[in-house]
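Reading through the structure tokens given below for one structure.
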Amino acid sequence: MKTNTNKNSQKNGQNFYNEVSGFYEKMIDLEKNLELRTEAYKNIFKEPGVVADIGCGIGLDSIALAKNGHHVFAFDPSPNMIQKTIENAVKYNVIFNSSISSFQSIPQKYSGNFDYVVSVGNTIAHLSSRELKNAFIKIYKLLKPGGKAFLHILNYNLIIRKGRRINNIAVRDGQVIIRFYDLDRSKIDFNILSFPLNQPKNFNIVTTTHYPHSKNLILAYLKNAGFYRIKLSKNFNGDKFELKESKDIFIEAYKK
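Sequential numbering of the sequence shown, starting at 2, is according to my numbering.
Following this line, the structure appears as structure tokens:
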């Protein structure tokens, strides 16, 4: 058994994803989600462009975007995740740039370089309120005038209100992976428990902090950064977001 309960925002997130990088692909069902996102991004970004994928993980969105003809720069603070991204780029025969960087450590030289910035997979939930505000300012600076940001976060209002502690249970290749929460209104412990199907006592659990940012806070910080034409959806298809029912919040926002 191994545990990781270090609580230190972005550094904590980096350590967490270094730990889970070995089985993350199984956990999210890479093949299935790659097909879905490749199709979804054709509608979200209708013209090929230069894209920053921040919090790229194992490269799911970067690969989908590259397959659609975009010039992709993949950023993640976890060295292990970036290594997986590089391996998956080779596996799926796509080429893009990758860098071990968080929101704030992306070099200044990239300012104004991107047509689009993507940060999905609940990446922004790893940021404290102060870090979130600064991250939106950073995204705004990275975009070209008229550029578009596409972001995602879980609807924590729904999760907390309904006490939904179990996020997902997956059984793949003889391994059980359970994602669950310890709920609090100011922050949430996000846990991943994994073990061999026939050896439940041989388990591993890792924990990181999520910050349950509200819809109103997100909108306020986006407007503070300068974004306009902000749209909230409940899925990749752009269907209307409902605060009391939607599991996810997808955000589109434009730079003036």
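In this text, a Cβ means the ideal position worked out from N, Cα and C, and glycines have one as well.
Reference residue i, options the options, closest by Cα
i, options, result
"K257", "S215, H211 and G148", "G148"
"F74", "L144, N135, F17 and L31", "L144"
"L152", "H71, P146, Y141 and F17", "Y141"
"L233", "S22, V177, P197 and E253", "E253"
"F228", "Q15, S63 and A150", "A150"
"V51", "L223, G113, N94 and I193", "G113"
"I231", "K216, A136 and K245", "K216"
"N19", "F76, K47, M82 and H71", "M82"
"N44", "L244, D240 and E246", "D240"
"S99", "Y93, K92 and Q84", "Q84"
"Y255", "G70, N169, Y117 and N94", "Y117"
"N69", "T86, Y182, K47 and I87", "K47"
"S102", "Y93, G164, N94 and F76", "F76"
"R186", "I219, A221, G164 and I154", "G164"
"L155", "S22, K202 and E246", "E246"
"A221", "Y182, H72, S130 and T86", "S130"
Neighbourhood of residue i by C-beta distance below 7 Å, restricted to the same chain and skipping five residues each side
i, result
"K3", "Only weak support exists for where K3 lies, its pLDDT of 40 falling under 50; the value from the coordinates is given anyway. Counting only Cβ-Cβ distances below 7 Å, and skipping sequence neighbours, we find N205."
"E124", "It is worth fixing the name first, because residue 124 is Thr in this sequence and not Glu. Counting only Cβ-Cβ distances below 7 Å, and skipping sequence neighbours, we find I55 and G56."
"Q176", "F24, K27, S195, P197 and L198"
"A65", "L35, R38, T39 and Y42"
"F242", "L233, S234, K235 and I250"
DSSP state of residue i mapped onto helix, strand, coil
i, result
"S102", "coil"
"E48", "coil"
"Q84", "helix"
"L233", "strand"
"K145", "strand"
"F74", "strand"
"K257", "coil"
"H127", "helix"
"F196", "strand"
"Y111", "helix"
"Y25", "helix"
"N238", "coil"
"D116", "strand"
"N89", "helix"
"I277", "The chain is shown only over 2 to 257; residue 277 falls outside these bounds and no answer can be derived."
"F251", "strand"
"D54", "strand"
Nonlocal neighbours in the same chain, by C-beta distance under 8 Å from residue i, ignoring five residues either side
i, result
"L31", "I59, L61 and N89"
"F115", "G50, V51, V52, A53, F74, L143, L144, K145 and G148"
6 Å Cβ shell around residue i - same chain, five flanking residues per side excluded
i, result
"R162", "none"
"P213", "Y157 and I189"
"Q15", "P78 and S79"
"L128", "A136"
"A226", "F137, I138 and Y141"
"Q200", "none"
9 Å Cβ cutoff met for residue i and residue j
i, j, result
"I96", "A67", "yes"
"T210", "F191", "yes"
"V119", "A53", "yes"
"L159", "K248", "yes"
"N135", "Q105", "yes"
"F17", "V207", "yes"
"I178", "I167", "no"
Margin query: Quick check for students: name the residue ranges of the beta strand (DSSP E) that lie wholly in the region 131-193, counting only runs of 3 or more.
Written below: 144-155, 167-173 and 176-183
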